[in-house]
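Residue numbers (this note's numbering): 0 to 263. By construction, the Cβ of each residue, glycine as well, lies at the ideal position given by its N, Cα and C atoms.
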């Protein structure tokens with residue numbers, strides 16, 4: 000009888016041990032499965048709080064200089080331009096970064112813009128001596144100036160909305176800007192230099208200069224854009240209003256492209 004009880008107790012303990020082992024295996028399997036799921040679940044990258052970026056070393060005011068090619072778009076083919084017609088702009092800008100995200104900023108400035116347009120065997124009557132309008136006379140078949148250009152000078156107020164990829168180190172950052180500028184023409188000069196024969200022989204070193212802006216729109220409205228890295232940018236400017244007053248010459252819209260150097 001005692002042996003029977005011992006045998007029953009032994010069998011009971013054996014069965015309980017087997018059940019415990021099965022539970023342990025099940026728990027271990029679940030733990031392994033949970034580990035696999037966690038390993039395969041991508042961790043979310045913490046989004047940077049740009050409002051807490053330190054930009055104390057970022058200067059507010061800076062110079063922006065632009066040098067490039069000046070073109071007269073929409074000009075008729077009868078106007079014979081030549082060579083490298085140049086543009087130069089120099090602006091003092093003040094940059095105002097957004098507090099919530101200093102990658103973005105608004106910049107306002109003031110400066111000067113000078114556009115030079117060169118012509119080939121052409122005289123530009125900016126004073127209206129021969130007719131009461133701006134005319135372009137082809138003088139290839141007679142004596143003419145070897146070099147001839149028209150220079151328009153503006154006082155300008157540029158406005159830009161800017162983006163920089165790294166506001167903490169803007170000298171090593173990709174940058175872009177879209178904007179506009181308003182300018183008022185302060186002078187328009189037509190200048191010819193070195194009087195020569197139709198075949199190119201030099202007659203003398205005579206220089207002729209005429210000043211008049213009466214046929215040009217005194218206000219320039221232009222859209223601007225630039226993109227680059229560090230202090231160097233490629234810029235573009237397009238005048239959206241007419242360059243010449245309506246009824247006094249062709250509908251010309253100047254455009255400039257070139258290299259800009261800017262701290263921001």
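Pick helix, strand or coil for residue i, following the three-state DSSP scheme.
| i | result |
| --- | --- |
| residue 56 | coil |
| residue 170 | helix |
| residue 287 | This structure does not reach residue 287, given that the chain is present from 0 up to 263, and the question cannot be answered. |
| residue 199 | coil |
| residue 193 | strand |
| residue 74 | coil |
| residue 138 | coil |
| residue 232 | strand |
| residue 225 | strand |
| residue 208 | strand |
| residue 119 | coil |
| residue 124 | strand |
| residue 240 | coil |
Within the same chain, show all residues whose beta-carbon is closer than 8 angstroms to that of residue i, passing over the 5 residues directly before and after it, in chain order.
| i | result |
| --- | --- |
| residue 231 | 258, 259, 260 |
| residue 68 | 83, 84, 85, 86, 255, 256, 257 |
| residue 197 | 139, 140, 141, 142, 143 |
| residue 195 | 142, 143, 144, 145, 201, 202 |
| residue 243 | 133, 214, 215, 216, 249, 250, 251 |
Under the assumption that residue i contacts residue j (Cβ atoms under 8 angstroms), give the Cβ distance between them as a whole number of angstroms.
| i | j | result |
| --- | --- | --- |
| residue 176 | residue 225 | 5 angstroms |
| residue 79 | residue 120 | 7 angstroms |
| residue 148 | residue 118 | 7 angstroms |
| residue 155 | residue 181 | 7 angstroms |
| residue 150 | residue 113 | 7 angstroms |
| residue 110 | residue 93 | With a Cβ gap of about 12 angstroms, residue 110 and residue 93 do not count as contacting. |
| residue 146 | residue 115 | Actually they are not in contact, since the Cβ atoms of residue 146 and residue 115 sit about 11 angstroms apart, beyond 8 angstroms. |
Buried or exposed for residue i, going by 16 or more other Cβ atoms inside 10 Å?
| i | result |
| --- | --- |
| residue 294 | Residue 294 is absent from the structure shown; the chain starts at 0 and stops at 263. |
| residue 233 | exposed |
| residue 123 | buried |
| residue 246 | exposed |
| residue 20 | Because residue 20 carries a pLDDT of 49, less than 50, the predicted location of this residue cannot be relied on, and no value is offered for it. |
| residue 133 | buried |
| residue 223 | buried |
| residue 248 | buried |
| residue 163 | buried |
| residue 161 | buried |
| residue 178 | buried |
| residue 53 | exposed |
| residue 88 | buried |
Spatial neighbours of residue i within its chain, please: CB distance less than 7 angstroms, with the 5 preceding and 5 following residues excluded, ordered by chain position.
| i | result |
| --- | --- |
| residue 58 | 262 |
| residue 183 | 153, 154, 217, 218 |
| residue 221 | 179, 180, 236, 237, 238, 239 |
If you measure from the CB of residue i, is any heavy atom of the ligand NAP nearer than 6 angstroms?
| i | result |
| --- | --- |
| residue 89 | As far as ligands go, the structure on display features none, and thus does not contain the ligand NAP. |
Can you find the residues in the same chain that come closer than 6 angstroms, C-beta to C-beta, to residue i, ignoring five residues on each side of it along the sequence?
| i | result |
| --- | --- |
| residue 135 | 78, 121, 123 |
| residue 228 | 173 |
| residue 60 | 93 |
Exercise for the section: Tell me, please, whether the segment 235 to 242 touches the segment 183 to 190 by the rule of three or more beta-carbon pairs shorter than 8 angstroms. Expected result: no
Handout entry: Validate contact between the segment 241 to 256 and the segment 199 to 209 using beta carbons, cut 8 angstroms, 3 pairs
Key = With a cut-off of 8 angstroms, the segment 199 to 209 and the segment 241 to 256 do not count as touching, because too few Cβ pairs lie within range.
Exercise for the section: Give a yes or no on contact between the segment 92 to 104 and the segment 137 to 147, applying the rule of three or more CB pairs nearer than 8 angstroms. Expected result: no
Practice task
Tell me, please, whether the segment 164 to 179 touches the segment 116 to 133 by the rule of three or more beta-carbon pairs shorter than 8 angstroms.
Solution key: Short answer: they don't touch.
Handout entry: Three-pair Cβ contact test at 8 angstroms for the segment 207 to 214 versus the segment 153 to 168
Key = no
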